[in-house]
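Okay, structure first, notes after.
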Amino acid sequence: MTQRHTMIEARGLSKLFTLHNQGGITLPVLRDVSFDAASGECLVLSGPSGTGKSTLLRCLYGNYLATSGSIRVRDGDDWTDLTRAPEQRILQLRRDVIGYVSQFLRAIPRVATLDVVADPLRQRGVAIAPARERAAELLERLRLPRRLWDLPPATFSGGEQQRVNIARGFIGGHPLLLLDEPTASLDAGNREVVVALIRDAVAAGRCVVGIFHDDAVRDAVATRVLALEPASAALQE
Amino acid sequence: MTAPAPLLSVRGMTHTWDGIHGCRDIDFDLYPGEVLCVVGESGSGKSTLLQAVSCQVAPQAGSVRYDLREEGLTDLATLSSARLRLLARTDWGFVRQNARDGLRMQVSAGANIAERLMAVGQRHYGGLREVAGNWLHKMEIDVGRLDDAPASFSGGMQQRLQIARNLVTHPRMVFMDEPTASLDVSVQARLLDLLRQLVSDLGLAAIVVTHDLAVARLLAHRTLVMRGGRVVESGLTDQILDDPQHPYTQLLVSSILQS
Amino acid sequence: MTSTDMPSFASATQAEVVRDPHYNFGYLDESTKRMLRRALLKAVAIPGYQVPFGSREMPLPYGWGTGGIQVTAAIIGAGDVLKVIDQGSDDTTNAINIRRFFARVTGVRTTESTRAASIVQTRHRIPETPLREGQIVVFQVPIPEPLRWLEPSETETRTMHALAEYGGMHVKLYEDIAQHGHIATTYDYPVVVNERYMMRPSPIPKFDNPKLDNNPALMLFGAGREKRVYAVPPYTRVKSLDFQDHPFTVEKWSDCCALCGSRDSYLDEIILDDQGTRRFVCSDTEYCADRQAAGHGGPAAGEYTA
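Listed below in structure tokens is the structure:
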């Protein structure tokens with residue numbers, strides 16, 4: 000079960016932004032990034048800001064389009080290159096394989112927190128009651144007060160919204176989990192909870208790729224570090 | 000793993016009103032349970048696209064193929080008008096921007112909802128009434144208004160009623176033309192959320208035409224951006240909004256006022 | 000066939016009217032009659048389907064039965080016997096005038112007896128006396144299109160008939176039940192003919208609708224202003240629209256006919272005095288008189304309503 004499989008193979012990944020409405024200036028953010036990530040490891044992206052850590056994560060989710068290179072992702076026994084996959088395939092991979100915790104929660108109006116968290120399971124066809132139960136377990140673990148569970152998260156504090164986001168990202172048990180600054184708004188106690196969640200996920204054989212501002216958190220979860228340099232990459236162990 | 004077959008497949012579709020204005024060379028597929036937004040400003044041809052795809056006007060070039068349950072993907076131009084009309088009344092829905100254009104304003108809400116069921120032969124008054132009442136409830140309209148005419152409803156209620164009227168035969172595909180554009184902002188949010196839930200609960204495929212990127216963000220898995228009658232960019236909605244490639248898309252996205 | 004002329008109030012005998020030679024037989028010219036007959040044949044071939052025809056200007060205004068008169072004029076022959084009724088009565092102004100018109104332009108025998116007639120032209124009723132094979136009933140129709148209230152466009156209603164898109168009609172019935180608790184239409188009640196076309200049976204009371212179903216006689220319908228004819232051939236299925244849990248029902252009265260005691264015919268209500276004294280009598284005067292002659296009586300038998 001925790002046998003290590005390669006989950007991601009990125010080769011020659013480059014991302015160049017072209018701002019057509021600002022005179023067509025180009026911003027190279029990633030240049031020729033290559034790496035592998037395997038199940039049972041937590042690969043931390045490091046480097047100063049502006050080096051494309053977030054951009055890389057978004058490319059791994061299909062949220063940003065790579066300018067060149069390839070990103071192969073394992074789905075069971077099949078491999079898919081995200082840069083060439085049809086949109087339906089990417090949607091299916093997001094549902095079943097790749098989870099993503101972004102920095103900010105996009106609050107959908109009127110939906111209760113419990114249902115926001117349960118949604119990834121509901122999308123897979125899980126019935127409403129067991130999905131909500133699982134959501135409740137996670138919210139409990141993340142120490143989100145019960146009285147908030149039936150409220151839409153739009154009015155929550157930054158830290159509360161972040162924990163909802165994390166619960167929603169972890170609930171699906173995706174084999175590949177992308178985390179973008181998951182502890183940025185959390186106090187020390189809650190940071191520890193999230194660290195434990197990540198370590199449990201890794202121990203259960205999931206592949207985690209993450210960005211962590213906090214050195215202590217990074218040191219607690221990282222099994223490997225990928226350092227990005229401006230528009231270039233070098234792999235450090 | 001085998002890819003699912005598309006529900007609707009459009010290739011090279013063109014329809015212009017005067018040789019110039021309209022839509023050209025439109026290509027896309029729509030899959031079951033998927034929401035596709037067509038985004039553009041006025042004059043972009045997005046409404047023409049919707050009318051051509053729903054066979055309200057005949058494409059002048061290209062093809063529109065739909066997955067008929069028994070025969071698979073079939074070119075709609077080969078269907079008789081009788082078959083097309085039946086399809087439009089049972090397997091499709093069409094929600095218009097102005098609810099008044101999509102409702103019978105003089106008959107009760109219940110009659111409006113039950114009409115499609117009566118059109119396909121349902122003849123039990125009590126049963127029809129019950130189904131209509133359930134739909135009112137689902138659309139968050141007070142069931143006590145079942146016998147009231149929509150002329151007495153608010154704009155948001157009329158729009159929700161129009162949607163219920165279209166969904167009562169459990170269509171597989173729904174076309175929506177600016178479903179929230181005529182509503183007050185506070186009412187829009189509620190309607191969009193209802194739509195989002197319904198589409199998900201009923202496994203509907205939908206094509207939603209809108210000028211509002213926020214509608215696309217909330218409702219759509221995929222988005223087409225139209226300008227000057229052509230699709231300038233298409234992709235996953237979050238990719239279009241977060242990493243727009245085409246100059247026009249970048250302009251549209253950067254023009255959204257941040258709240 | 001015996002002469003069964005009954006005494007009427009307007010005249011004791013049926014006057015023999017001499018055919019006026021200044022008019023073509025039946026008033027219409029031969030080519031018009033041929034055009035009408037072709038339209039009628041088509042109508043009979045497609046039960047309930049509205050066939051357009053070249054409606055001619057008749058010597059009376061629209062709304063007075065020009066459609067029915069043209070149909071009768073097209074089919075009547077020298078050997079026919081014509082009965083004309085209006086709201087069940089042979090002796091209203093309209094009925095008398097139409098009967099006299101045909102007598103003058105054809106010279107055919109006219110009668111007040113349903114049994115004796117070969118053609119019965121009617122406005123707003125079907126005779127109570129059962130019809131038989133070989134008879135033709137001609138109905139005067141104001142608005143032939145059952146979907147007109149729903150859809151003002153003629154091209155659209157024609158498409159709806161072609162595609163049998165009749166759901167909207169049931170909307171009307173649904174709405175009646177929702178607003179009034181029952182289907183409120185009491186005359187010109189829509190029917191489906193031969194399980195295919197929806198039809199308006201002309202403003203006959205719904206009481207008469209069951210007579211349309213499987214009738215041995217041929218029923219022809221003419222609308223002069225709207226320029227349409229339609230037909231129900233003999234022994235054709237005619238079903239009135241309804242819901243499974245609100246089935247079609249006919250009118251009922253608490254009283255019988257005051258003159259003949261009938262409990263099976265359509266009754267008119269007559270106010271007799273300023274105190275509001277009411278009486279119910281058969282709308283079909285011939286039927287009522289027949290019953291009285293056969294010895295039946297009601298509470299006011301022997302009187303004549305003045």
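Chains as they are written, first to last, in numbering that gives the first Met the number 0: chain A, 0 to 236; chain B, 0 to 258; chain C, 0 to 305.
Just so it is clear, CB atoms sit at the ideal spot from N, CA and C, and this is done for glycine as well.
None of these values were measured; they are calculated from a predicted model.
Is there contact here, the region 236-244 of chain C with the region 100-120 of chain C, by at least three beta-carbon pairs under 8 Å? no
Give me whichever residues DSSP pairs with residue 280/B in a beta bridge. Past the boundaries of the shown model lies residue 280/B; chain B is included only from 0 to 258, so the question cannot be answered.
Which term fits residue 319/C, buried or exposed, when burial requires 16 or more other beta carbons within 10 angstroms of its beta carbon? Since the displayed chain C opens at 0 and closes at 305, residue 319/C lies outside it and no answer follows.
Minimum length 4: unbroken alpha helix (DSSP H) runs contained in the region 73-128 of chain A: 86-95 and 112-122
Is the distance from the Cβ of residue 201/C to the Cβ of residue 141/C below 9 Å? yes
Which parts of the region 136-216 of chain B are runs of the alpha helix (DSSP H), unbroken and 4 residues or longer, counting only runs that do not cross its ends? 154-166 and 184-201
Please list, in chain order, the residues of the region 112-126 of chain B that have any C-beta partner in chain C closer than 9 Å. 113, 114, 115, 116, 117, 118, 119, 120, 121, 122, 123, 124, 125 and 126
Chain A contacts made by the region 28-50 of chain B, where a contact means CB separation under 7 Å: 30
Chain C contact for residue 85/B (CB, 9 Å cutoff): yes
is_contact[residue 106/B, chain D] using C-beta, thresh 9 Å: Reference to chain D is not applicable here, since the protein chains of this structure are A, B and C.
Among 117/C, 79/C and 63/C, nearest to residue 95/C - alpha-carbon criterion: 63/C
CB-CB length for residue 96/A against residue 42/A, believed under 8 Å: About 16 Å; that fails the 8 Å criterion.
Would you verify that the beta carbon of residue 57/A is, or is not, closer than 9 Å to some beta carbon of chain B? yes
Under 9 Å between C-beta atoms, does residue 258/B make it to chain A? A caution first: residue 258/B carries a pLDDT of 42, below 50, which makes its placement in the model too unreliable to give a value.
When the Cα atoms are used, what is the spatial distance from residue 66/B to residue 74/B? 9 Å
Secondary structure, alpha helix (DSSP H): runs of 4+ residues fully inside the region 68-118 of chain C: 92-105
Check the Cβ of residue 220/B against every Cβ in chain A and list those closer than 7 Å, keeping chain order. 90
When you compare only the Cα positions, how much space is there between residue 136/B and residue 29/B? 30 Å
For residue 212/C, which residues of its own chain have a beta-carbon under 6 Å away from its beta-carbon, when the five flanking residues on both sides are left out? 237
Can you have a look at residue 276/C and say buried or exposed, based on whether 16 or more other CB atoms are within 10 angstroms of its CB? exposed
Three-pair Cβ contact test at 8 Å for the region 29-44 of chain A versus the region 193-212 of chain A: yes
Is residue 5/C helix, strand or coil by DSSP? Caution is warranted here: a pLDDT of 41 is assigned to residue 5/C, below 50, making its placement in the model unreliable, and the coordinate value is therefore given only provisionally. Of the three classes helix, strand and coil, the one that applies to residue 5/C here is coil, per DSSP.
Using a beta-carbon distance cut-off of less than 7 Å, what residues from the region 133-159 of chain B approach chain C? 146
Inter-residue CB distance, residue 100/A and residue 168/A (contact presumed, cutoff 8 Å): 4 Å
Just checking residue 170/A against the ligand MN - is the residue's beta carbon closer than 8 Å to any of the ligand's heavy atoms? This structure lacks the ligand MN, and indeed carries no ligand of any kind.
Taking all protein chains shown into account, decide if residue 233/B is buried (16 or more other Cβ within 10 angstroms of its Cβ) or exposed. buried
Give the straight-line distance between the Cα atoms of residue 59/B and residue 210/B, rounded to the nearest whole angstrom. 25 Å
Using 9 Å as the limit for Cβ to Cβ distance, is residue 110/B near chain C? yes
Mind listing the chain B neighbours of residue 162/C? Cutoff is C-beta to C-beta under 7 Å, in chain order. 81 and 84
State yes or no: is the beta carbon of residue 246/B nearer than 9 Å to at least one beta carbon in chain A? yes
Which whole-angstrom value describes the C-beta separation of residue 47/C and residue 231/C, a residue pair presumed to lie in contact below a C-beta threshold of 8 Å? 7 Å
Residue 169/C: contacting residues in chain B (beta-carbon distance under 7 Å): 117
Meets three-Cβ-pair contact criterion under 8 Å: the region 185-199 of chain C and the region 47-58 of chain C: yes
For the region 58-80 of chain A, which residues have a beta carbon sitting closer than 8 Å to at least one beta carbon of chain B? 61, 62, 63, 64 and 77
Beta-carbon proximity check, residue 39/C vs residue 72/C, cutoff 9 Å: no
In this structure, does DSSP put residue 225/B in helix, strand or coil? strand
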